[in-house]
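Position one of the sequence shown corresponds to residue 0 (numbering that gives the first Met the number 0), numbered consecutively onward.
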Amino acid sequence: MADFTTEISDADLNRAIGTITRRLDSNGLQPVLQDLGEYLLDQVQTRFDTQTDPQGTPWADISPAWKTEKERRRGIPKILQFRGDLRRSIVYQVQASQRRVVIGSNLPYANIHQFGGEIQRTGRRKGPYTIRIDARPYLGLNAADRQEIIQIIRDHLAGIS
Numbered sequence: 000m001a002d003f004t005t006e007i008s009d010a011d012l013n014r015a016i017g018t019i020t021r022r023l024d025s026n027g028l029q030p031v032l033q034d035l036g037e038y039l040l041d042q043v044q045t046r047f048d049t050q051t052d053p054q055g056t057p058w059a060d061i062s063p064a065w066k067t068e069k070e071r072r073r074g075i076p077k078i079l080q081f082r083g084d085l086r087r088s089i090v091y092q093v094q095a096s097q098r099r100v101v102i103g104s105n106l107p108y109a110n111i112h113q114f115g116g117e118i119q120r121t122g123r124r125k126g127p128y129t130i131r132i133d134a135r136p137y138l139g140l141n142a143a144d145r146q147e148i149i150q151i152i153r154d155h156l157a158g159i160s
């Protein structure tokens, strides 16, 4: 996951994590971080299913030409899921010594789909050209995610009290 990392900071989450880390050493953090990673991964997979960003806003539609091509070649024109490589590449890593969970993809094109941008194509017949790719965020937290993360941490705290 060296090619793409998103760090999410939130004061309430940091306080909750601070509370649990004061009660546990880094090895004891492994179970809560594992649960947080599983939750975050599940949320990303749900976003691929619903084709929405973390706030529930639908992803920008694909171009009509690409939609037609995807239908012809694969039958189902789901956004960001031509072969499913990006979706399958999303993983999390527990870094207990650093008290964090990192989630993301190591695919070179993951960044352009998360944030959007332009790519240059070489083109065989017409020569080089530019393609604009809209942002279709699949990583990130919404208010419900923040509350669930705090609840996961509280559940672990209750188990060690």
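Idealized CB from N, CA, C, for every residue including glycine.
Here the C-alpha atom of glutamine 113 lies approximately 29 Å from the C-alpha atom of glycine 17.
With fewer than 16 other CB atoms across the displayed protein chains lying within 10 angstroms of its CB, isoleucine 130 is exposed. Around the beta carbon of tyrosine 128, fewer than 16 other beta carbons lie within 10 angstroms, which makes this residue exposed. When Cβ pairs closer than 8 Å are counted between the two stretches, the region 133–145 is seen to touch the region 92–112, the count reaching three or more. Residue environment: arginine 46 is assigned as buried (16 or more neighbouring CB atoms within 10 Å of its CB, all protein chains considered). Taking a cut-off of 8 Å on C-beta distances, the region 30–39 touches the region 76–93, as three or more cross pairs fall below it. DSSP, read as helix, strand or coil, puts glycine 122 in coil.
For isoleucine 111, the uninterrupted alpha helix (DSSP H) segment begins and ends at 109–114.
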